[in-house]
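Here's the structure we're looking at; comments come further down.
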Amino acid sequence: MAINECKYLTLEDAASALANDLVSTLNEAVSLRGKALLAISGGKTPRKVFKYLLKQRLNWNNITITLTDERWLPGNHPESNENLVRSYLLNDLSADATFIPLYGGKGSLELDVDSCELKLKNLPLPFDAVYLGIGADGHFASLFPEDEALDVSDSYCVGVAATDSRIARISLTTSTILNTRKIYLLFSGEEKYSVYQRAKTPGSFNEIPLRLILSEDNISIEVYYAL
């Protein structure tokens, strides 16, 4: 595993360090290839990363951003990841970035997945960077333990059915997420640290989906955590 781990005292410190390194990666991509492609996760923690990204110098007009996953909700819904990105990242100079949403408003999850597939097919993959968080159950993006979406590898994205505890979602597949030059992973707390440590050991991907990421040998994985 090509994993580089950095421990910090606070989540703020970890988010700041990740943002600094992510900026370097994106600027290098723009310098080398004239453009950069980034996929980012949703949730509360990314807001901290966004805050520090906005303090940096980036050629936003040469950067394309998409999401690793999305709740099946309109982009202006307060719980959508698209709304998070538009509210906390795409403002001022960063509004010059190209944003590719996953939700398409086609009327059904299946039709939105088809629409999303076409959008992602047209992206100039690989990603230069994918920023992920992890759940206490070891999920990443919207790929959850024991979910059949984990087994999908022949498409760019997959629909994740609703359950009693969560709304339906669209997620990049593991193969799409791993089609990147670098992965940035950020988390905090003993519970997630314990899951992360377990994910580094051999075992079932269905039990701990994060194993799918950490078992990849050909990608640089930068891990930032706070305890």
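As numbered in my numbering, the sequence shown has no gaps in its residue numbers, which increase by one up to the final residue, 1428.
Glycine included, each C-beta is placed from N, C-alpha and C at the ideal position.
Nothing here was measured: the structure is a model prediction, and the numbers come from that model.
| Asked | Found |
| --- | --- |
| Could you spell out where the beta strand (DSSP E) holding LEU1386 opens and where it closes? | 1383 to 1389 |
| With H, G and I counted as helix, E and B as strand and the rest as coil, what does DSSP make of ILE1414? | helix |
| Figure out for me which residue from SER1376, SER1232, PHE1341 and ILE1368 has the closest Cα to the Cα of GLU1353. | One point to set straight first is that residue 1353 is Val, not Glu, in the sequence displayed. Considering only alpha carbons, the answer is SER1376. |
| Does the separation of the CB atoms of ALA1400 and LEU1411 fall below 8 Å? | yes |
| In this structure, does DSSP put ALA1362 in helix, strand or coil? | coil |
| Going along the chain, which residues of its own chain have a beta-carbon closer than 7 Å to the beta-carbon of ASP1214, five neighbours each way excluded? | ALA1427 |
| Hey, would you say VAL1396 sits closer than 8 Å to TYR1332, going by beta carbons? | no |
| I need the DSSP call for GLU1311, collapsed to helix, strand or coil. | helix |
| Compare the Cα-Cα distances from LYS1236 to each of TYR1425, TRP1273 and THR1226 and report the closest residue. | THR1226 |
| Can you tell me whether ALA1240 is buried or exposed, with buried defined as 16 or more other CB within 10 angstroms of its CB? | buried |
| Please report the residue range of the beta strand (DSSP E) in which LYS1208 lies. | 1204 to 1209 |
| Using beta-carbon positions only, say whether LEU1254 and LEU1290 come within less than 8 Å of one another. | yes |
| Could you pull out every residue in the same chain whose Cβ sits closer than 6 Å to the Cβ of ASN1506, ignoring the five residues on either side in sequence? | Absent from the model: residue 1506. The displayed extent of the chain is 1202 to 1428, so no value can be given. |
| I need the DSSP call for PHE1300, collapsed to helix, strand or coil. | strand |
| Confirm, please, whether the CB-CB distance from PHE1328 to LEU1219 is below 8 Å. | no |
| For PRO1279, count neighbouring Cβ atoms within 10 angstroms of its own Cβ and tell me buried if that reaches 16, exposed if not. | exposed |
| For THR1246, tell me which candidate among ILE1384, ASN1292, PHE1388 and LEU1319 has the shortest Cα-Cα distance. | PHE1388 |
| Measure the C-alpha to C-alpha separation of ASP1355 and THR1299 and round it to an integer number of angstroms. | 26 Å |
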